[in-house]
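Take a look at the structure below.
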Ligand SMILES: Nc1ncnc2c1ncn2[C@@H]1O[C@H](COP(=O)(O)OP(=O)(O)O)[C@@H](O)[C@H]1O
Ligand SMILES: [Mg+2]
């Protein structure tokens, strides 16, 4: 296996447990002596985090679905160049809480942005860089939203969307898993956190150094 690191993305609707799983995987990978860089989208670098705040905060002005898509890719461009590519070149495992599949699911399936536009932007912004593995944390929308709303904090612009929006997002994600089964692995996120973490780890174990 080459010295380059491994790129893992975590996907799923609000409350699926992505952020919790990211921390659990970090612990499990560090315990195996690996260097781990935990990051998230939108965001991950100081400038990309500023773009995150702009796109997630509630405000008076409307943000069209296309504007939202462009902001997501602007943040992603900064993140890929300044953090993801350098970390992978340095041999780290990059665990990223959301990546382009989230744009496909939220802006594409959820908001109806043209899929070809999203694919062109993805190609422009990160070329052939895709996660080696994507863990899709799947669970019923109601369960996810209940978890997310119980969580501390004021929420964001996406959490204001209705149930039908998140049903489209979930369906969009499941379609991605069906289309790219080698990369996108489904993890049942309705399970207890320990079970989710164990199954998620199993789904990336073949990427570990020395794995068959
Ligand atoms: N498997 C799980 N079972 C029950 N609650 C969970 C589970 N995973 C996460 N949670 C809780 O649900 C809430 C949302 O989890 P979080 O990791 O923030 O989800 P996400 O990042 O996908 O929105 C948090 O309060 C978290 O502690
Ligand atoms: Mg989260």
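In our numbering, the protein residues as written are 3 to 214.
C-beta atoms are modelled at their ideal positions from N, C-alpha and C, and glycine is treated no differently.
Residue i classed as buried or exposed, judged by whether at least 16 other C-beta atoms fall within 10 angstroms
i, result
"residue 11", "buried"
"residue 136", "buried"
"residue 99", "buried"
"residue 57", "buried"
"residue 148", "exposed"
"residue 140", "buried"
Helix, strand or coil at residue i [DSSP, three-state]
i, result
"residue 115", "coil"
"residue 160", "helix"
"residue 8", "strand"
"residue 135", "strand"
"residue 141", "coil"
"residue 15", "coil"
"residue 42", "strand"
"residue 206", "coil"
C-beta atoms of residue i and residue j nearer than 7 Å
i, j, result
"residue 48", "residue 74", "no"
"residue 171", "residue 15", "yes"
"residue 67", "residue 29", "no"
"residue 26", "residue 199", "yes"
"residue 94", "residue 37", "yes"
"residue 175", "residue 138", "yes"
For residue j and residue i, believed in contact at Cβ under 8 Å, the rounded distance
i, j, result
"residue 146", "residue 18", "5 Å"
"residue 96", "residue 7", "6 Å"
heavy atom of ligand 1 below 6 Å from residue i C-beta
i, result
"residue 22", "yes"
"residue 104", "no"
"residue 195", "yes"
"residue 149", "yes"
"residue 26", "no"
"residue 16", "yes"
"residue 198", "yes"
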